[in-house]
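Counting from -13, one number per residue, gives the positions in the sequence shown under the numbering used here. A virtual CB, placed ideally from N, CA and C, is assigned to each residue, including glycine. Remember, it's a predicted structure, so these values are computed and weren't measured experimentally. Notes for the one structure printed next.
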Amino acid sequence: MNKKTKDILLPSSCPFCGENVVVTRFECTGCGSEVQGSFRAEGVFSLPVEYQKFIVVFLAQRGNLKSIEKELGISYPTINKMLDTINLMLEQSETIAPMHTKLSRKDILEAIDKGQMSVKEAASLLKNQQ
-13 MNKKTKDILL PSSCPFCGEN VVVTRFECTG CGSEVQGSFR AEGVFSLPVE
37 YQKFIVVFLA QRGNLKSIEK ELGISYPTIN KMLDTINLML EQSETIAPMH
87 TKLSRKDILE AIDKGQMSVK EAASLLKNQQ
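What follows is the structure in structure tokens.
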């Protein structure tokens, strides 16, 4: 890897305008080969970075909620809220759940009301449905 760059998780949206991002180049750290194209993030990789990080911790802790609480410094209800939000977001992904129907506007509003989803996440889901 080039010493001028650092590894980061793939963001699901532009940090400037919030629109979806597309990866246009991959580079091998071993041989330097490059692949160029238009690569769209799917499934878990389409989630916001904070949820990708949560999934890494969740898997590393084998789903042990007490360990997750301790490592992330968050409460059990917050963990449940994050899991519910991740599930809702993944249901929107065609690659993860092509059989699921898309969440209705009513379902999304109810998720906000129950604290299972932030307004920003809901806006992103609604925007992607158009």
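Within this structure, are the beta carbons of residue i and residue j separated by less than 7 Å?
i      : j       : result
Gln22  : Thr71   : no
Cys129 : Val9    : This structure does not reach residue 129, given that the chain is present from -13 up to 116, and the question cannot be answered.
Leu33  : Ser(-2) : yes
Met75  : Phe40   : no
Leu51  : Ile65   : yes
Glu20  : Glu28   : no
On the criterion of 16 or more Cβ atoms from any shown chain inside 10 Å, does residue i qualify as buried, or is it exposed?
i        : result
Leu89    : buried
Tyr62    : exposed
Ala112   : In the sequence under discussion, the amino acid at residue 112 is Leu, which differs from the Ala named in the question. With fewer than 16 other Cβ atoms within 10 Å, it is exposed.
Ser137   : Since the first residue shown for the chain is -13 and the last is 116, residue 137 is missing from the structure and cannot be characterised.
Met(-13) : In this predicted model, Met(-13) has a pLDDT of only 41, less than 50, meaning its place in the structure is not dependable; the value taken from the coordinates is given anyway. It counts as exposed.
Glu57    : exposed
Among the candidates the options, whose CA atom is the shortest distance from the CA of residue i?
i     : options                        : result
Glu5  : Arg26, Gly49 and Leu58         : Arg26
Phe31 : Gln78, Thr15, Lys100 and Leu95 : Gln78
Asn73 : Lys92, Ala97 and Ser24         : Ala97
Once you ignore the five residues that flank residue i on each side, which residues in its own chain have a CB closer than 7 Å to its CB?
i     : result
Ile54 : Val43, Phe44, Gln47 and Ile65
Kindly list the residues whose CB is nearer than 6 Å to the CB of residue i, restricted to its own chain and excluding five residues on each side of it in sequence; keep chain order.
i      : result
Glu107 : none
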